[in-house]
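Take a look at the structure set out below.
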Amino acid sequence: MSARNRELLNLGFAALVASAAFASVSIVGTGLVTTHWLGYVGVIFGLYLVAHVVGRFAVPYADPTLLPIVGLLTAIGLTVIYRLGPEDARRQAVWIAIGIGILCATLFWLRFDYRVLERYKYLFGISAIVLLMLPSIPGLGHRVNGANLWIKVGAMQFQPGELAKIFMIIFLAGYLRDKREALAQGRLKDLGPLLLIWGAAMLVLVQTSDLGSALLNFGIFLAMVYAATGRLVYVGAGIALFLAGSAALYNALDRVQQRVTVWLHPWTDDKVFCAINGKLEYRQNCDSYQLVKSLYSIANGGFGGTGLGKGTFTTVDGVQLIPYLNTDFIYSAIAQEAGLIGAAAVLLLVMVLVARGMRIALIAQDGFSKLLVTGLTFGLALQTFIIVGGVLRVVPLTGITLPFISYGGSSILANFVMLALLLLVSNRATATAVNR
Amino acid sequence: MTTALDTEQTLLVLKIAFLVLLYLFIWAVVRSVTRDLRSVPQESIVLSAKEANELRARYEPVVPTPFARILVLESPTLQPGSTIELREPTRVGRGGENTIRLDGDDFASTRHAMLEPRPDGLWVEDIGSTNGTLVNGARVTTARLLVPGDVVRIGKTDLQVET
Numbered sequence: 039m040s041a042r043n044r045e046l047l048n049l050g051f052a053a054l055v056a057s058a059a060f061a062s063v064s065i066v067g068t069g070l071v072t073t074h075w076l077g078y079v080g081v082i083f084g085l086y087l088v089a090h091v092v093g094r095f096a097v098p099y100a101d102p103t104l105l106p107i108v109g110l111l112t113a114i115g116l117t118v119i120y121r122l123g124p125e126d127a128r129r130q131a132v133w134i135a136i137g138i139g140i141l142c143a144t145l146f147w148l149r150f151d152y153r154v155l156e157r158y159k160y161l162f163g164i165s166a167i168v169l170l171m172l173p174s175i176p177g178l179g180h181r182v183n184g185a186n187l188w189i190k191v192g193a194m195q196f197q198p199g200e201l202a203k204i205f206m207i208i209f210l211a212g213y214l215r216d217k218r219e220a221l222a223q224g225r226l227k228d229l230g231p232l233l234l235i236w237g238a239a240m241l242v243l244v245q246t247s248d249l250g251s252a253l254l255n256f257g258i259f260l261a262m263v264y265a266a267t268g269r270l271v272y273v274g275a276g277i278a279l280f281l282a283g284s285a286a287l288y289n290a291l292d293r294v295q296q297r298v299t300v301w302l303h304p305w306t307d308d309k310v311f312c313a314i315n316g317k318l319e320y321r322q323n324c325d326s327y328q329l330v331k332s333l334y335s336i337a338n339g340g341f342g343g344t345g346l347g348k349g350t351f352t353t354v355d356g357v358q359l360i361p362y363l364n365t366d367f368i369y370s371a372i373a374q375e376a377g378l379i380g381a382a383a384v385l386l387l388v389m390v391l392v393a394r395g396m397r398i399a400l401i402a403q404d405g406f407s408k409l410l411v412t413g414l415t416f417g418l419a420l421q422t423f424i425i426v427g428g429v430l431r432v433v434p435l436t437g438i439t440l441p442f443i444s445y446g447g448s449s450i451l452a453n454f455v456m457l458a459l460l461l462l463v464s465n466r467a468t469a470t471a472v473n474r
Numbered sequence: 003m004t005t006a007l008d009t010e011q012t013l014l015v016l017k018i019a020f021l022v023l024l025y026l027f028i029w030a031v032v033r034s035v036t037r038d039l040r041s042v043p044q045e046s047i048v049l050s051a052k053e054a055n056e057l058r059a060r061y062e063p064v065v066p067t068p069f070a071r072i073l074v075l076e077s078p079t080l081q082p083g084s085t086i087e088l089r090e091p092t093r094v095g096r097g098g099e100n101t102i103r104l105d106g107d108d109f110a111s112t113r114h115a116m117l118e119p120r121p122d123g124l125w126v127e128d129i130g131s132t133n134g135t136l137v138n139g140a141r142v143t144t145a146r147l148l149v150p151g152d153v154v155r156i157g158k159t160d161l162q163v164e165t
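Protein sequences appear in the order of chains A and B.
Numbering of the first sequence is given in this note's numbering, commencing with residue 39 and proceeding in unit increments.
Numbering of the second sequence is given in this note's numbering, commencing with residue 3 and proceeding in unit increments.
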């Protein structure tokens with residue numbers, strides 16, 4: 039069976055899984071066994087069918103698992119978002135449609151040779167820095183929940199960091215491919231760029247007071263340097279530098295301090311000062327309210343979950359218990375309604391995606407493609423780890439999105455660009471292996 | 003009442019169906035690509051040098067390891083009159099990472115030359131030195147096969163090929 043037929047088959051299977059989820063949410067919502075949810079599944083997988091057809095034409099040899107897995111992840115995300123607020127789900131569906139549009143456009147545009155991107159590597163590098171700096175410009179930047187990550191133009195909000203991440207990976211793939219020989223020898227003068235990027239990561243951390251993005255971007259950078267040079271000493275030095283920098287900045291950044299305190303001691307026996315209302319409160323009712331409620335939510339799911347649509351996310355009065363439930367905390371909603379079994383399956387899906395990505399990096403022929411895919415795939419893995427680990431209190435919580443699942447346009451769009459690049463590289467790698 | 007009961011039962015069925023289908027999907031996806039792995043011929047690129055040698059050893063007669071011996075005629079660092087045995091590609095130069103170190107020889111470059119014993123004899127190649135590598139007084143431009151008696155000059159060091 040050809041790769042594309044296999045992809046079609048897998049997509050059909052994904053649609054079947056999503057149908058069960060949509061049906062369950064819809065039945066709980068209306069209280070009736072109806073079939074009107076079929077429309078939702080139809081629209082979403084109709085869009086993926088379009089992407090599939092474009093794929094048949096543009097990337098005939100590409101990996102057949104990527105599109106179905108992404109399809110299922112977005113569908114699960116959409117189901118949970120719909121269950122939490124149908125209005126948001128409608129917007130998210132529009133974003134997914136635009137994302138698939140961008141996916142198709144990218145596939146079509148770069149169908150002959152995506153490696154033209156390498157020629158513009160410095161343009162991508164500069165764009166990434168500009169995008170990261172945009173929220174700091176007064177009048178354009180827009181502070182949400184203490185982090186300076188958004189730009190606001192009219193009614194449009196956009197989080198430029200998501201796109202900057204992909205531009206940075208394209209730049210690094212081109213740059214490291216050029217300099218890997220020099221870097222691998224490990225002379226001191228070649229460490230300059232490493233220190234420069236460490237400095238930039240620290241600067242962005244101070245500017246945006248967002249530890250998550252800084253950690254994610256710096257982690258991707260280290261992984262790519264390691265893939266390019268094969269020298270663990272860079273990873274060690276990089277982690278040491280990052281820790282040293284974070285420790286030095288720890289005292290200066292209240293927000294980071296607060297996150298670490300909440301992570302280590304979410305519950306207090308005595309009332310402590312609460313900065314939100316200026317009174318004395320138990321910490322579980324103040325700073326760590328969100329995290330603690332999320333842990334209760336996960337615990338409520340147990341092994342098999344409450345069933346999709348039947349979880350408890352509001353008080354009896356209809357007030358939402360967990361703020362930012364459909365973006366940062368969507369994993370805790372999934373864990374309650376699908377249980378440990380379902381949440382583990384979601385993580386497994388991401389793992390399969392990452393494993394396929396690493397395989398694409400292995401079979402790709404040239405250094406640019408290898409580094410590009412390694413960066414994108416590692417970014418996906420690290421981002422999932424940071425946010426799921428944060429929600430589960432494994433690491434301090436930082437607000438970033440769960441790729442393909444969380445509500446949010448910028449994230450969805452950037453992730454579809456990433457998917458397009460993975461498909462393109464995998465197509466080229468397999469095509470050369472088959473035609474040789 | 004009956005509708006309420008039906009709803010509950012439907013939801014239970016859907017909950018189980020969703021979880022089971024989810025895992026079946028993962029299984030199907032992983033299976034579809036492992037089957038893929040079997041049909042596409044594996045490239046030699048995935049074999050490490052060690053694995054490749056082991057495989058080759060299984061199918062090919064054992065070839066003796068190439069071997070060469072050189073005699074130090076004159077050198078600021080190495081002991082004149084001593085011999086060096088070569089069994090694998092050996093780098094010569096002033097830098098610390100070379101197998102044959104000439105750290106007192108100011109005319110040698112950090113990475114100067116490669117000496118490589120091959121089945122047909124000892125080969126020498128200049129790897130970007132400043133003052134060049136000379137064989138019997140003539141400068142080496144490409145990799146070159148040496149015969150016993152040839153004198154290789156690297157910086158102020160003279161090495162003579164013995165076997």
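Idealized CB from N, CA, C, for every residue including glycine.
This one's a predicted model, so the numbers in the text were calculated from it and none came from an experiment.
- Query: Helix, strand or coil: how does DSSP classify A:T198 here?
  - Reply: This sequence places Pro at residue 198 of chain A; Thr is not what is there. Helix.
- Task: Would you decide whether B:P82 is buried or exposed? Buried here means 16 or more other CB atoms lie within 10 Å of its CB.
- Result: exposed
- In chain order, what residues of the same chain have a beta carbon less than 7 Å from the beta carbon of A:V432, not counting five sequence neighbours either side? none
- Kindly indicate which residue of A:A452, A:V472, A:G212 has the alpha-carbon position closest to the one of A:I401. A:V472
- Any beta strand (DSSP E) of 3 or more consecutive residues that is wholly inside the region 130-158 of chain B: 135-137, 153-156
- Query: Can you tell me whether B:I47 is buried or exposed, with buried defined as 16 or more other CB within 10 angstroms of its CB?
  - Reply: The predicted position of B:I47 is uncertain, since its pLDDT is 45 and thus under 50; no value can be drawn from it.
- Query: Would you call the region 19-33 of chain B and the region 86-98 of chain A in contact, with 3 or more CB pairs under 8 Å?
  - Reply: no
- Task: Compare the C-beta of A:F51 against all C-beta atoms of chain B and say whether one is closer than 9 Å.
- Result: yes
- Spatial neighbours of A:L141 in its chain, beta-carbon cut-off 7 Å, leaving aside the 5 residues before and after: So the qualifying residues of the chain are A89, F454, L457, A458.
- DSSP on A:I360, reduced to helix/strand/coil? coil
- Are A:R20 and A:A266 closer than 9 Å when you measure CB to CB? This structure leaves residue 20 of chain A out entirely; chain A is present only between 39 and 474.
- Host beta strand (DSSP E) of A:R153 (start-end): It is not in any beta strand (DSSP E) - A:R153 carries neither H nor E in the DSSP assignment.
- Query: Of all the options A:T68, A:P102, A:V55, which has the alpha carbon lying nearest to the alpha carbon of A:F83?
  - Reply: A:V55
- Measure the alpha-carbon distance for B:A19 versus A:L111 and round it to whole angstroms. Pairing B:A19 with A:L111, the inter-Cα distance amounts to about 17 Å.
- Task: List the residues of chain A whose Cβ lies closer than 7 Å to the Cβ of B:T12, in chain order.
- Result: Using a Cβ-Cβ cut-off of 7 Å, B:T12 is close to I65, V71 of chain A, given in chain order.
- At a Cβ threshold of 9 Å, is B:L9 touching chain A? Checking the sequence shown, residue 9 of chain B turns out to be Thr, not Leu. B:T9 counts as touching chain A.
- Out of curiosity, what's the CA-to-CA distance linking A:G345 and A:A222? 52 Å
- Message: Give me the subset of the region 93-124 of chain A whose CB atoms are less than 8 Å from a CB atom of chain B, sorted by chain position.
- Response: D101, P102, T103, P106, I107, L110
- Query: At a Cβ threshold of 9 Å, is B:I28 touching chain A?
  - Reply: yes
- Task: Grab me the residues of A:W305's own chain with a C-beta within less than 6 Å of its C-beta, minus the 5 sequence neighbours each way, in chain order.
- Result: Q322, listed in sequence order.
- Contact belief for A:V118 with A:I368 at Cβ below 8 Å, rounded distance in angstroms: 6 Å
- Cα-Cα separation, A:Y288 to A:Y160: 32 Å
- Report all residues from its chain with a CB closer than 8 Å to the CB of A:F209; omit the five preceding and five following residues, and keep chain order. K159, Y160, F162, G163, A166
- Query: Can you name the residues that DSSP bridges to B:P119?
  - Reply: B:L124
- Task: Could you pull out every unbroken beta strand (DSSP E) segment of at least 3 residues lying fully inside the region 363-395 of chain A, listed in chain order?
- Result: none
- Keeping to the same chain, check which residues put their C-beta closer than 6 Å to that of A:F205; ignore five residues upstream and five downstream. F162, S165, A166
- Message: List, in chain order, every chain B residue whose beta-carbon is nearer than 8 Å to that of A:R394.
- Response: V35
- Message: Please identify the residue among A:G123, A:F311, A:V384, A:Q374 whose C-alpha is closest to the C-alpha of A:A337.
- Response: A:Q374
- Name the chain A residues that come within less than 7 Å of B:V32, Cβ to Cβ? V390
- Message: Mapping the DSSP letters down to three states, classify B:S46 as helix, strand or coil.
- Response: With a pLDDT of only 42 at B:S46, under 50, the local geometry of the prediction cannot be trusted, and the value read off the model is given with reservation. Of the three classes helix, strand and coil, the one that applies to B:S46 here is helix, per DSSP.
- Identify every residue that forms a DSSP beta bridge with B:A70. Bridge partners of B:A70: B:L88.
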